[in-house]
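Just so we're aligned: the sequence shown equals residues 4 to 216 in this note's numbering.
Glycine included, each C-beta is placed from N, C-alpha and C at the ideal position.
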Amino acid sequence: MTPIGDSSETASAEARFAAAESRIYPLAMADTEAFERATSLVGLVAVEMRSSGTIPEVVERLDEIVVRLPQIAAAANIDTTGLPLQVVAEAAAALRCRELTSEHAAAKLRERIERARADGQSWLVDEASPALMMAGIIRRQELHLPTGATLITSAEADESADQPVYSLDLFPGSPANGVRAVSETYTDRTEWLAAAERLRGGLSAKVEPPSHP
């Protein structure tokens, strides 16, 4: 898989793009008409950038896009008077970078699913990120490959209580699989773990034949 870019230069550019995007939104309060023109132009430029398949390519094309931005706007009958064109282009770059990051994550997930199925696995498990764990949040996401249902178990410290709040969420994935959505909270860890195990067993029973003595 082609990397989307992870150099310090790329990360710096993404941060700059995000900052530019945040400068677009205050226009909604100060000048609604200018905000509408700016956001329309951001969308058009983002479409223009879809030929860039990696974040470094987006970064490389930015200067060219800024130069062409008046022509892009004119073709769509958008008046650029008073619009910060560099900011508009960088906001569009932020949008395209998010799309690429999402596409990359989806492709990696598809690869993991394919490998898990090839290995005969029924579950694909993701634990909490280090950042979440440092924040006192334990989170486990389990994708049941045969049904497409997702089970999320999490525990988070409650400042108003002496013990964590335990959460349990089951997302069916597809109405056709007959799985019922579940969303529950617990204060008892043992009950929470037992409930999660029952849901796992119920999902497995939908696709796995019963065992015989």
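- Under the three-state reduction of DSSP, Ser55 is assigned to coil, being neither helix nor strand.
- Contiguous beta strand (DSSP E) elements confined to the region 74–141 occur at 126–130, taking only those with 3 or more residues.
- Membership of Thr188 in the beta strand (DSSP E) is indicated by the continuous run 185–189.
- Secondary structure of Asp34 (DSSP, three-state): coil.
- Rounded to the nearest whole angstrom, the CA to CA distance from Arg53 to Arg99 is 7 Å.
- By the 16-neighbour rule on beta-carbons within 10 angstroms, Tyr189 is buried.
- Here Trp126 is not near Glu114, since their CB atoms are 8 Å or more apart.
- Ser157 carries a strand assignment under DSSP once its states are collapsed to helix, strand and coil.
- Of Gly85, Gln89, Gly151, Ile141, the smallest CA-CA separation from Ile116 is found for Gly151.
- Asp165 carries a coil assignment under DSSP once its states are collapsed to helix, strand and coil.
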